[in-house]
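Residue numbers (the working numbering): 1 to 247. For glycine and all other residues, C-beta sits at the position ideal for the given N, C-alpha and C.
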Amino acid sequence: MTRNMLFALVVLILPPMACADEVQVAVAANFTAPMKAIAAEFEKATGHKAQLSFGATGKFYAQIRNGAPFQVFLSADDETPAKLEQEGLAVQGSRFTYAVGTLALWSARPDFVDAKGEVLSRGSFAHLAVANPKLAPYGAAAMETLDKLGLTSKLQAKFVQGENIAQTYQFVMSGNAELGFVALSQIMKDGRIGSGSAWIVPAEMHRAIRQDAVILAPGRDNAAANALLRFLRTRAVLAIIRSYGYQ
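If you want it as structure tokens, here you go:
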């Protein structure tokens with residue numbers, strides 16, 4: 001079945017509302033590209049509009065606790081949405097895993113990163129970009145990987161730290177860092193890695209990057225918020241998510 005046919009079925013499942021709503025969505029930076037595509041299809045299928053804000057999971061958590069008017073949160077981990085539920089800031093029972101992320105070591109230079117990541121142990125580079133592990137789950141996964149490889153101390157002086165995974169990607173893309181740990185979704189589309197060279201980090205090198213979505217308290221009675229979480233579970237959307245390298 002083609003993607004267009006799948007979306008036609010989604011339209012039948014989620015018909016456009018007579019009075020379309022708008023939903024404010026906080027989205028983990030690693031999910032930027034797929035979420036833009038999903039939001040466009042969501043509006044076509046339901047009539048609802050998703051207003052997207054992208055950033056670091058840790059920063060969003062602080063903003064939500066301080067009253068930011070987000071109605072849906074697509075986190076880069078499963079711990080933060082669970083914590084929001086426990087604190088009464090998210091709707092109980094709305095949380096689910098929408099994607100499992102994949103970490104990649106990437107360089108914008110072709111043939112710079114080998115297929116086994118041995119470039120790290122050689123250390124023939126000046127800068128290694130890593131997202132802030134306190135704010136970004138992909139940064140935490142990168143540090144776990146380096147710890148497992150026994151390279152953290154050796155490479156620490158070369159770290160260039162991004163506030164989130166989007167900034168980390170920009171450090172590498174711009175050449176300010178020869179290589180860096182990014183989300184596979186940032187360098188893959190339609191099942192293929194684009195430019196540069198990469199090592200896809202084996203899943204056993206770090207804790208699983210389970211990414212959970214949840215309806216926040218301000219979105220409890222918002223039709224668009226509830227429709228978006230249903231939409232994220234459809235086969236058509238899962239096909240988009242997988243095409244960016246998520247499990």
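Whole-angstrom C-beta distance between residue j and residue i, which should lie under 8 Å
i: T57; j: P137; result: 6 Å
i: A71; j: A225; result: Checking the displayed sequence, the identity of residue 71 turns out to be Gln instead of Ala. So it is a contact: roughly 4 Å between Cβ atoms.
i: A76; j: G101; result: 7 Å
Unbroken alpha helix (DSSP H) run spanning residue i, endpoints
i: T152; result: T152 to L155
i: S174; result: I165 to S174
i: S185; result: L184 to I187
i: G139; result: P137 to L149
Element boundaries [beta strand (DSSP E), containing residue i]
i: V160; result: F159 to G162
i: S121; result: Not the beta strand (DSSP E): S121 falls in the alpha helix (DSSP H), residues V119 to R122.
i: V130; result: L128 to A131
i: F231; result: Where F231 is concerned, there is no enclosing beta strand (DSSP E), although the alpha helix (DSSP H) it sits in stretches over A223 to F231.
i: D212; result: I209 to I215
8 Å CB neighbourhood of residue i in its chain, flanking five on each side removed
i: A115; result: W199
Contact set for residue i: own chain, Cβ-Cβ below 6 Å, skip 5 residues either direction
i: A20; result: G47 and H48
i: D78; result: R210 and D212
According to DSSP, residues forming a beta bridge with residue i
i: S197; result: S107
i: I240; result: Note: I240 sits in no beta bridge, so no partner.
i: Q247; result: Note: Q247 sits in no beta bridge, so no partner.
i: A99; result: Q211
i: R192; result: K189
i: F181; result: L105
Beta-carbon contacts of residue i that lie in its chain and below 7 Å, excluding the five residues immediately before and after
i: N30; result: A76, G101, Y138, I165, A183, S185 and Q186
i: F171; result: A129, V160, G162, A177 and G180
i: M17; result: Confidence in M17 is poor, its pLDDT being 45 and thus under 50, which makes the residue's placement too unreliable to answer from.
Kindly provide the ranges of any alpha helix (DSSP H) runs that are 4 or more residues long and lie completely inside the segment 19-93, ordered along the chain. 32-46, 57-65 and 79-86
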